[in-house]
Amino acid sequence: MQKHNSNAVSQLSSALKQVNISNPHVDPLPSNVQFHINGDTSIMDGTQNPNDKDDGNHDSNNEDPADITGQTSRITNFFQNQPMDGYTLFSHRSAPNGYKVAIVLSELNLKYNTFFLDFTKGEHRAPEFIAMNPNARVPALIDHSLDNLALWESGAILLHLVNKNLKETGRATLWSEDLAEQSQITSWIFFQTSGHAPMIGQALHFKYFHTQKFDSAIERYTNEVRRVYSVVEMALSERREALVMELDADNAPAYSSGTTPLSQSKFFDYPIWLVGDKLTIADLCFVPWNNVVDRVGVNIKLEFPEVYKWTKNMMKRPAVNKAFRGE
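With UniProt numbering, you'll find the sequence shown wraps up at 327, consecutive numbering, no jumps.
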């Protein structure tokens, strides 16, 4: 077996450090839609930090965090002095799923603070955190206005936020009042959380962080990542064609006959969304992982052009940038 390349992590970090998304007037997408978060550019699935000095298994550990002086003091202090309102998001600076929740909180203009857990100190294994999140992973969210209601799993958190916002404001921001559209949005959420994120996470793991190199595993998960993106690309392409035919009706016969390509339409770069005619959580949940998929050798700009344009439109949104900056 070929041994793991110890330079892989530094190469990954170096590549991501070249990105700057703070200026919305600058195209941040030379290849994929990438981001740089507060100086920590190691991107994983929220279960392992490549800088952690352990075996990467955060489900159990022989070391009890409570036995180490001060190790869980931040956690203990927080749970003893919780805010009276707003939300607390438990995340990690290298976890795309945590930023997924931060994006929606920011888009809904909700009051929240982010508690970035320190995995090297075992904070994700603190008894107080496990009591609220039995999976002991990020993200997790506390809704302080609902008697400190604890939520975990990113998809469940997003659905809670938009449903609660609809109930409180009467506006279906990032959501829908239509039952059929709600079902479609939920389908995309489940697809993203069960297929999109895990496949990229596994591809990243076997390419950069596994102790031994398994080309077959890298190939398997990279191919599955491409299959997942082909599903999204097809859905967006169908939305694009329908929109162009509707809004550019005068030229529709030429597009239908193939004498004029759709790319000639002035609506070819017009924003399109997965469900309905507006941005929803179905779209936003993909953004953080779209920013790191090039690390497994998938260039969405070249291979999935509609995914690229779709992600680029979301990356220009102030709330998305705010979330990525950890504000």
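Positions of the beta carbon are idealized from the N, C-alpha and C atoms, including for glycine.
Assuming contact is defined by CB atoms lying nearer than 9 Å, are residue i and residue j in contact in what I supplied?
i	j	result
residue 298	residue 222	yes
residue 196	residue 289	yes
residue 90	residue 117	yes
residue 337	residue 292	This structure cannot settle anything about residue 337, because the visible part of the chain is limited to 1 through 327.
residue 98	residue 134	no
residue 106	residue 327	yes
residue 307	residue 232	yes
Using a Cβ-Cβ cut-off of 6 Å (strictly less than) and excluding sequence neighbours within five positions of residue i, which residues of its own chain qualify?
i	result
residue 275	181, 184, 185, 282
residue 246	none
Quick one: using the 10 Å Cβ neighbour count with 16 as the cut-off for buried, is residue i buried or exposed?
i	result
residue 194	exposed
residue 102	buried
residue 154	buried
residue 264	exposed
residue 249	exposed
residue 191	buried
residue 143	buried
Quick check on residue i: does DSSP put it in helix, strand or coil?
i	result
residue 152	strand
residue 254	helix
residue 165	helix
residue 46	Low local confidence applies: a pLDDT of 40 at residue 46 is under 50, so the model's placement there is unreliable, with the coordinate-based value given in what follows. The answer is coil: DSSP assigns residue 46 none of H, G, I, E or B.
residue 212	strand
Return the chain-ordered list of same chain residues with a C-beta closer than 8 Å to the C-beta of residue i, the five sequence neighbours on each side being excluded.
i	result
residue 175	162, 163, 165, 166, 182, 185, 280, 281
residue 49	Below a pLDDT of 50, predicted positions are generally treated as unreliable, and residue 49, at 41, falls in that range; the measurement from the model is reported next regardless. 42, 92, 94, 119, 120.
Return the first residue and the last residue of the beta strand (DSSP E) that residue i is part of.
i	result
residue 87	87-91
residue 142	140-143
residue 191	First-last for residue 191: 179-191, but that is the alpha helix (DSSP H), not the beta strand (DSSP E).
Short of 7 Å in beta carbon distance, which residues of its chain neighbour residue i, apart from the five on each side in sequence? Order them along the chain.
i	result
residue 5	Here the model assigns residue 5 a pLDDT of 42, short of 50, so the residue's position is not dependable and the matter cannot be decided.
residue 251	260, 265
residue 145	85
Between which two residues does the alpha helix (DSSP H) harbouring residue i extend?
i	result
residue 311	305-315
residue 208	Taken as a continuous stretch (DSSP letters only), residue 208 belongs to no alpha helix (DSSP H), as it is neither H nor E.
residue 112	Element bounds for residue 112: not the alpha helix (DSSP H) but the beta strand (DSSP E), 112-116.
residue 80	73-80
residue 108	That residue, residue 108, is in no alpha helix (DSSP H); it is neither H nor E in DSSP.
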